[in-house]
Every structure is written in C-alpha cells, then in structure tokens.
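To start, the structure itself, in structure tokens.
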Amino acid sequence: MIELQGIRKRFGAMTALGDVSIQISPGEAVAVVGESGSGKTTLGRILLRLINPDAGRYLFEGCDVLRLRGSNLKRWRRDVQAVFQNPWQSLNPRLRVDYLITEPLAAVKGLSEREFTSKAGDLLELVGLPAQLGRRYPHQLSGGQRQRVAIARAVSVHPKFIVLDEPASALDISVRAQILNLLKSLIAQFGITVLYITHDLATVPYLCSRAYVLYQGLVFEQLSARNLVSQPDNPYAKMLLDSVLRVGVKTPLPDPSQEVLVDRPIEGCPFAPRCPHVQLRCRELESELIQIQAAWQSRCHFAGGPKPMRVDVR
Amino acid sequence: MKSVSVRFPTRSGRTLKAVDEVSLDIHRGEAIGIVGESGSGKSMLALSLLGLVRPPGVLSGKVDVAGRDVLAAPPREIYELRGKVIGLILQDPTASLNPVRTIRSQLAESARRAPIAGSSLDHEISEALIAVGLKPSEVLGRYPFELSGGMNQRVVIAMALIQRPQILIADEPTTALDVSTQLGVLALLQSIQKQRGMTLVLISHDLALIYQVTQRIAVMYAGKLVELGATQDIVERPIHPYTKALIAAIPRPEAGDRPLQTIPGQLLPMFDDSRGCPFADRCPEVMDICRVTFPKRSSPTASHSVWCWLSKTEWHSE
C-alpha cells in the first residue's frame, strides 16, 4: 500500500500542492490527471522522493519514506522507478545504449562482463528493440526507441512501484500507442504498482482503474477511470474530458476573445473563474471534497447533483 | 508547389529524399492541414514555401507564393516574403522568444518591419495582443519566463500577425501545450483565419487536431504526398491504408482497456535508390507492385486524390 497523507508543497509564493492525500493498493494502476500547474508532476517527484514535501506523511508498505536515510533509503529507491516525458533529456547522451540499459542493474548488484552482455540483450528484447541497437548512442535513436530504453532501465531492477510522468506525450500518435501497449504488458508481467501522470484523458482507462483529478494543487475529483471518461461529476474534470480531440466530432472551441489571465482567486473555489456553472457562493466559500459514492469524491459545492447555470458578477 | 523536392546528401553517398516530387496547390484563404509522422517531410514541405532549406539540403521544383517564384527570387524579395507574406509559428514558443527581452520589445521588432501608416507603434502592439486574447497592461512589461506556455504561444502568434501576413504556417503549434490551452490556441487560429481571410497551413502528427479547423488535409509519408482531399472525405472515407492507420491510432476514451491501435514497424527514410511506395513495408494490404513502382495520382472525386495501388479509379493526369 502506498499512501500520501496531507501533502503540502510550496515553491516560493506558489503553492504547488495544498493538502493532497492519495492511496494506491498493491498492483493497482492509478492516474493523476490535470493541466500544467495542477501539481501533478510535483506529486510524482514527491512519490519518487526527488523532493521533500513541506508537510504530510508518505507511507510505503507501512514504512515512513520521509524518515528513510542512508542504506535504507538506497534500498527503497530500488523498489521505486520512473519513466519521464522527455526521452531527449532523460538519457545520458555520452553512454551507449547497452550501458544505459544495464546501469541501474549494475548499480544494484554489479555485473560481470558476461552478465552485462546477456542482460543488455535480454532487456533490449523485453522492450522490443533489436540487439544491435545496444551499440548505439541515444542521439542515433528515434523518440520511441529512446522511450523504450528508458522503460527497460526502469523495469530492469524489478521495481514494486513505477511513476510514469507523461511517458508518451512527446511522441507521435502512432508511436504513443506502441509505448503505452508496451508499458501495459510489462506492468502486468511484473505485477508493478503504477502512478500514471498525464493530461490526456483518452489513455487513462486503458492503463488505469482509478484516477485523481488535480487542479491548482488540490484533488478535485477521485473516481474510477470508467466514470472519468463517461460521467465525471466535477466541472473541471468535465472540461478536461471535453477537450479530448476526436476525428469525426468537432470539439466546441472556446471564444478566443474571452481568454484572459487567470490568477488563483484569493477566496472561494479555485476553479470558480473558469467554471461554466459558477454561483455566488463558489466565489466566496472554499470548496471541499464531498463523498458521492464509495471511492468517488468531488470538490464542488454541487457535488453529486445537477450543476446550475453560470451566474456572472460585475 | 510543382514537383517540389528537398534532398540531402548523406555520408554513405546516397541522397535522402526528405520531400519527393510533391505537387500541391494551396488556395487563398483556406485552412489546410498537413499530417504525417516524424520524418514524413511535412515540416520540410512547409519550410520550402519560405525557401528555408539550409545547405547541404537542396530544394528543387517550382514554388510560387502569391506570384513570387521562391526558388528564383532575389534575396531581397525572399526577405520580404518571410514574415510579411508568410508568418511562421513553431512548436516551442519559448524557443521563438528572446528570454532576456520584454514582450513589448519583441513585438516592436516585428511591428517595425511592417508599419501601418498613421498608426503609432504602441497602438499596433496593443491591438496585436488584444487580437490574441492577452491584456496589454498585464503582459507588455513581462518576460517570457513570467508567462505560461499558452500565453507565450499567443505572443508568438501576435508577433506573426502584426506583420499582417497573407499566409500563416503553424507547425505543431499546440504540441507543447495542455489539452485545454490547445483548444484556446486552435480557436484563436481559426478565428483569425476566418476574420482576415488569411491562408492557414496547419502541420501536425495529430489528425484529430487538424480535423477541428481545416477544410482540406494533405497526408504525407516519408517525403511523399499519399492522400489529399476535403477534410470530411479524408476522415470519413479515407482510401490510403496509412490514412486509415493514422485515424485508428487516435486514442478514444470510450475504448476502455482494449489495446490501442498501432502502426507496426517504423517510418524509414527514402533514398534516391529506394523503389516503390515507402509505406509498403508497414502496409496491411501490400501487393507486389507496391514494392516496385510508386502509384500515380488517382482521384475518386474532384476533391479527393490518393496515391495508392488499391484505388480502383482511373488515373487522372497530374
């Protein structure tokens, strides 16, 4: 069980995360969706302990991760791996692919020359790359091939938990599907617990069973992946779903002249300035997470019910 | 564009065909999309409109933009073409902006190239920012790092528009942006194109995005134009197996946990000694002839053309 409790994180004056709690069961794949600035990447970095939160607890199989030090921390790090968005930045350009791909394994237990060759070959095969690619450097690979190398690195040490931060968003649509299919089969094969960070709702039900929707550092909705793409409760989640582009269906485009700077409001619901259902009380009262059903919560004054027509002030 | 090719010599002595014999008419005031994967030549085709092919690349064929012969025009005329006749917006807005200059100073530079008689510089700059949905008072004195990705892309669009180009090329203008910000930029491009009667060339790997705002779509693969037609035809009645595969690869939320459709294999570049259709190796309906000869154009309707041996229509001459 992986659990974050009341996590807060500020960068200067900017609140990246304000009181976020999430739970992930062993073997579960959970999505965190939101726009840039929602705090989803900060959340992923805290789960990887690349940064520490200002407040809150992080429990990993009962162990208090934020208190881990020295060799205990190092042992924990082996269990937790990541695949990041940009395959141009996440691989050392000076290392050959066979070294890159076996580097985490060598760091864990050391490899003889013979083990190195056979392991590199096994890992390349695992992610569907030809063996001769091991002798190349990252700049000689396509974006999709690089992301396969990053995935091989991550799964090579048999992690218990993997954070996927937009693993396919920088790739062409056709390659995106190949990478997500590969990730799904590896996750199932090794029984890995997954946190999938993305702004693309369309791929969430494919990889995940549940999702958290983040907006301005707060959980706005927690629900099943199926409900997320069919009947989300929260107006923000609905807006994200409506922005998924399809072929054959024209997505209603916003009025371009209406676009203005949106700063976080000082009081009321943070989404109020953009919400198509905003009421007077939304601008005055903080919104809270409200239980709709088991494992379904929404941060909205009108959670679980019909949403009223927008009331404009001024 | 008539028989436009962009070729690059390689170290192995072979010549890479980035764009191979592409003929395409872009109509005044239309919104046309060019779709294809990385390596399809879609960006290179658009850059050839500006004569922007750097040596050792070689641009050949005939490119005629609003009466100018781009390949034969003197440098002075090409300079006028870039920015004033054709505006260009690229994927990463921060790469198009100077990080140490204010938004006002960057817009001023573009505005001075095409001043409007009787209009003050500040007035022009403010108008351009308002046109892209930004409040001049809130952004003029700011630096790019102080603005979001979506706002920076709007600034880049304002810089292109302030020179009042007849044609706007947008190369993956929303790929670096969020889904919701992406919609705002698309809406902006569409409204500008309609209001000003401007020609919009939208380049992307994402057919769903191109579908939203274009009237025609050109599908490219490994330097070849493989299908061209009205947006509805391409999306509802695609003929080329590559176009069909591109449509199938778009993830749909309602598909649940069913495997995502992929296009097996990968795009391989075409060289001067390559033969046949470049998609043959990945094509689910490949025939012997596909590996030997690239098909001629076939047009099932006046507004729909395809370069594929599967098309049963009689050949129309180019």
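Residue numbers (this note's numbering), protein chains in the order written: chain Y, 1 to 314; chain P, 1001 to 1318. From the three backbone atoms N, C-alpha and C, an ideal C-beta is built for every residue, glycine too.
In terms of residue numbering, what span does the alpha helix (DSSP H) encompassing residue i cover?
{"i": "residue 125 of chain Y", "result": "113-126"}
{"i": "residue 1201 of chain P", "result": "Segment 1199-1204 is the beta strand (DSSP E) holding residue 1201 of chain P; no alpha helix (DSSP H) there."}
{"i": "residue 70 of chain Y", "result": "70-79"}
{"i": "residue 173 of chain Y", "result": "173-190"}
{"i": "residue 1298 of chain P", "result": "That residue, residue 1298 of chain P, is in no alpha helix (DSSP H); its beta strand (DSSP E) goes 1298-1301."}
{"i": "residue 1129 of chain P", "result": "1121-1131"}
{"i": "residue 98 of chain Y", "result": "97-109"}
{"i": "residue 1181 of chain P", "result": "1179-1196"}
Residue i touches chain P at which residues, Cβ-Cβ below 8 Å?
{"i": "residue 215 of chain Y", "result": "Result: empty, since nearest Cβ-Cβ is about 11 Å, beyond 8 Å."}
{"i": "residue 199 of chain Y", "result": "1178 and 1179"}
{"i": "residue 172 of chain Y", "result": "1037, 1038 and 1205"}
{"i": "residue 35 of chain Y", "result": "1178, 1179, 1180 and 1181"}
{"i": "residue 95 of chain Y", "result": "Neighbours of residue 95 of chain Y on chain P: none; closest Cβ ~23 Å, over 8 Å."}
{"i": "residue 240 of chain Y", "result": "1179 and 1180"}
By the criterion of Cβ-Cβ separation under 7 Å, what are the contact partners of residue i in chain P?
{"i": "residue 250 of chain Y", "result": "1212"}
{"i": "residue 229 of chain Y", "result": "1253 and 1254"}
{"i": "residue 295 of chain Y", "result": "Residues of chain P passing the Cβ test: none, with the nearest at roughly 18 Å."}
{"i": "residue 205 of chain Y", "result": "1253, 1256 and 1257"}
{"i": "residue 202 of chain Y", "result": "1251, 1252 and 1253"}
{"i": "residue 178 of chain Y", "result": "1262"}
Which residues in chain Y sit within 7 Å of residue i, going by Cβ to Cβ distance?
{"i": "residue 1351 of chain P", "result": "As shown, chain P starts at 1001 and ends at 1318. That puts residue 1351 of chain P outside it, with no answer to give."}
{"i": "residue 1259 of chain P", "result": "181"}
{"i": "residue 1186 of chain P", "result": "253"}
Given that residue i touches chain Y, what residues does it touch there, using C-beta distances under 9 Å?
{"i": "residue 1247 of chain P", "result": "247 and 248"}
Who pairs with residue i in a beta bridge, going by DSSP?
{"i": "residue 3 of chain Y", "result": "Y/23 and Y/59"}
{"i": "residue 221 of chain Y", "result": "Y/213 and Y/298"}
{"i": "residue 1221 of chain P", "result": "P/1224"}
{"i": "residue 290 of chain Y", "result": "Y/298"}
{"i": "residue 198 of chain Y", "result": "Y/33"}
{"i": "residue 1270 of chain P", "result": "The partner list for residue 1270 of chain P (beta bridge, DSSP) is empty, contrary to what the question assumes."}
{"i": "residue 1229 of chain P", "result": "P/1217 and P/1304"}
{"i": "residue 1060 of chain P", "result": "P/1005"}
{"i": "residue 1279 of chain P", "result": "Residue 1279 of chain P pairs with nothing; no bridge assigned."}
{"i": "residue 1087 of chain P", "result": "P/1168"}
{"i": "residue 8 of chain Y", "result": "Y/55"}
{"i": "residue 14 of chain Y", "result": "Y/11"}
{"i": "residue 193 of chain Y", "result": "Y/161"}
{"i": "residue 1065 of chain P", "result": "P/1068"}
{"i": "residue 64 of chain Y", "result": "Y/59"}
Would you mind giving the Cβ-Cβ distance between residue i and residue j, rounded to the nearest angstrom? I have them listed as a contact below 8 Å.
{"i": "residue 235 of chain Y", "j": "residue 276 of chain Y", "result": "6 Å"}
{"i": "residue 212 of chain Y", "j": "residue 22 of chain Y", "result": "6 Å"}
{"i": "residue 1228 of chain P", "j": "residue 1218 of chain P", "result": "5 Å"}
{"i": "residue 1312 of chain P", "j": "residue 1278 of chain P", "result": "Contact doesn't hold; Cβ gap of about 22 Å is too wide."}
{"i": "residue 1041 of chain P", "j": "residue 1018 of chain P", "result": "5 Å"}
{"i": "residue 1084 of chain P", "j": "residue 1163 of chain P", "result": "5 Å"}
{"i": "residue 48 of chain Y", "j": "residue 82 of chain Y", "result": "5 Å"}
{"i": "residue 1294 of chain P", "j": "residue 1016 of chain P", "result": "So it is not a contact: roughly 16 Å between Cβ atoms."}
{"i": "residue 1078 of chain P", "j": "residue 1169 of chain P", "result": "Actually they do not touch by this definition, with Cβ atoms about 15 Å apart."}
{"i": "residue 151 of chain Y", "j": "residue 171 of chain Y", "result": "Not quite, the Cβ-Cβ distance comes to about 12 Å (not below 8 Å), so this is no contact."}
{"i": "residue 1230 of chain P", "j": "residue 1268 of chain P", "result": "Actually they do not touch by this definition, with Cβ atoms about 30 Å apart."}
{"i": "residue 1030 of chain P", "j": "residue 1215 of chain P", "result": "5 Å"}
{"i": "residue 1151 of chain P", "j": "residue 1107 of chain P", "result": "Going by Cβ atoms, the distance from residue 1151 of chain P to residue 1107 of chain P rounds to 13 Å, so no, they are not a contact pair."}
{"i": "residue 224 of chain Y", "j": "residue 295 of chain Y", "result": "7 Å"}
{"i": "residue 1005 of chain P", "j": "residue 1025 of chain P", "result": "Wrong, their Cβ atoms sit about 17 Å apart, outside the cutoff."}
Could you tell me the boundaries of the beta strand (DSSP E) in which residue i lies?
{"i": "residue 165 of chain Y", "result": "161-165"}
{"i": "residue 1306 of chain P", "result": "1304-1306"}
{"i": "residue 1007 of chain P", "result": "1002-1009"}
{"i": "residue 1097 of chain P", "result": "Premise fails: residue 1097 of chain P is in no beta strand (DSSP E) and is neither H nor E."}
{"i": "residue 1018 of chain P", "result": "1015-1022"}
{"i": "residue 1035 of chain P", "result": "1031-1035"}
{"i": "residue 150 of chain Y", "result": "From DSSP, residue 150 of chain Y is part of no beta strand (DSSP E) but of the alpha helix (DSSP H) over 143-156."}
Along chain P, in chain order, which residues have C-beta atoms closer than 9 Å to that of residue i?
{"i": "residue 244 of chain Y", "result": "1179, 1208, 1251, 1252 and 1253"}
Can you pull the chain Y residues whose beta carbon is under 8 Å from the beta carbon of residue i, in chain order?
{"i": "residue 1052 of chain P", "result": "Here the premise fails: no neighbours, minimum Cβ distance about 23 Å."}
{"i": "residue 1149 of chain P", "result": "36"}
* Residues of the region 1025-1042 of chain P with a CB closer than 7 Å to any CB of chain Y: list them in chain order, please. => Under the 7 Å Cβ criterion, the region 1025-1042 of chain P contributes 1037 and 1038.
* Taking Cβ-Cβ distances below 9 Å as the criterion, which residues of the region 126-156 of chain Y are in contact with chain P? -> If the cut-off is 9 Å between Cβ atoms, the region 126-156 of chain Y has 142, 143, 144 and 145 near chain P.
* To do: Please list the residues of the region 1216-1237 of chain P that have a C-beta atom closer than 8 Å to any C-beta atom in chain Y, keeping them in chain order.
  => Those would be 1235 and 1236, in chain order.
* Listed in chain order, which residues of the region 1257-1281 of chain P have Cβ atoms closer than 7 Å to some Cβ of chain Y? -> Result list: 1257, 1259, 1260, 1261, 1262, 1263 and 1266.
* Closer than 7 Å, Cβ to any Cβ of chain Y: which residues of the region 1107-1135 of chain P, in chain order? -> Legend: CB atoms of the region 1107-1135 of chain P lying less than 7 Å from CB atoms of chain Y belong to residues 1133 and 1135.
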